[in-house]
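For the sequence shown, numbering that gives the first Met the number 0 begins at 0 and goes up steadily by one. Yeah, the Cβ is synthetic: ideal placement off N, Cα and C, and Gly gets one too. From a predicted model like this one, the values you see are computed outputs, not experimental measurements. Here's the structure, in structure tokens; my notes come after.
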Amino acid sequence: MFKRLAVAISMLTLVPLAQSYASSNTIYHPTITMKAGNRAGLQNVFAWDKNCRTVPVSIKARKPKNGNVYLYKSSFKIPSSQSRKCSGKSVRGYKVVFKADKKAKGSTLVKYQVKSKNVDRTFHFRRTLKIK
Numbered sequence: 000m001f002k003r004l005a006v007a008i009s010m011l012t013l014v015p016l017a018q019s020y021a022s023s024n025t026i027y028h029p030t031i032t033m034k035a036g037n038r039a040g041l042q043n044v045f046a047w048d049k050n051c052r053t054v055p056v057s058i059k060a061r062k063p064k065n066g067n068v069y070l071y072k073s074s075f076k077i078p079s080s081q082s083r084k085c086s087g088k089s090v091r092g093y094k095v096v097f098k099a100d101k102k103a104k105g106s107t108l109v110k111y112q113v114k115s116k117n118v119d120r121t122f123h124f125r126r127t128l129k130i131k
């Protein structure tokens with residue numbers, strides 16, 4: 000079922016939790032094509048309060064076929080597109096990364112949930128990965 004995952008660091012595309020709030024509870028991300036044995040950054044997850052301080056987030060991922068999901072602790076700068084008041088301030092969060100098995104081929108669906116104390120609902124994320 001779901002389990003909490005370990006942490007470390009990597010480069011990813013920014014998609015803050017606050018941006019997702021305006022959409023539905025399930026967010027479908029574009030498909031990523033990758034090579035077997037490699038890592039693919041799925042999302043950066045972080046949240047902040049009205050005083051620009053980090054709000055803890057929790058992430059639970061299902062074990063996908065053909066690989067594993069890892070969470071890497073990291074620090075992020077709040078983008079000006081999300082908050083003028085907090086723009087450029089640093090907050091802590093996680094980078095969500097998928098690592099494909101060395102002999103994996105085909106497609107796999109990665110599913111994970113994100114919760115934050117400053118938002119009253121759980122966000123469900125889905126992303127398909129094509130492994131070559």
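Specify the secondary structure class of residue i as computed by DSSP and reduced to three states.
i    : result
Q42  : strand
D48  : coil
G36  : coil
P29  : strand
S115 : strand
S80  : coil
Grab the span of the beta strand (DSSP E) containing residue i for me, first residue to last.
i   : result
S73 : 66 to 76
S89 : 89 to 99
V54 : Element bounds for V54: n/a, residue is neither H nor E.
Give me, in chain order, the residues of the same chain whose beta-carbon lies closer than 8 Å to that of residue i; leave out the 5 immediate sequence neighbours on both sides.
i    : result
G105 : N65, K129, I130
F75  : L13, P15, N43, F45, S89, V90, R91, G92
Using C-beta distances below 6 Å, list every residue in its chain close to residue i, excluding the 5 sequence neighbours before and after it, in chain order.
i   : result
C51 : C85, K88
T32 : K129
Between the options, which lies nearest to residue i when the distance is taken from Cα to Cα?
i    : options            : result
F97  : N24, R61, D48, Y27 : R61
R120 : L41, I58, Y71      : I58
R125 : K102, Y111, V118   : Y111
V95  : Y69, K34, I26      : Y69
May I have the straight-line CA-CA distance separating residue i from residue j, to the nearest angstrom?
i    : j   : result
V113 : K49 : 20 Å
Cutting at 7 Å between CB atoms, please list the residues of its own chain near residue i, excluding the five before and the five after it.
i   : result
W47 : T53, V54, I77, C85, V90
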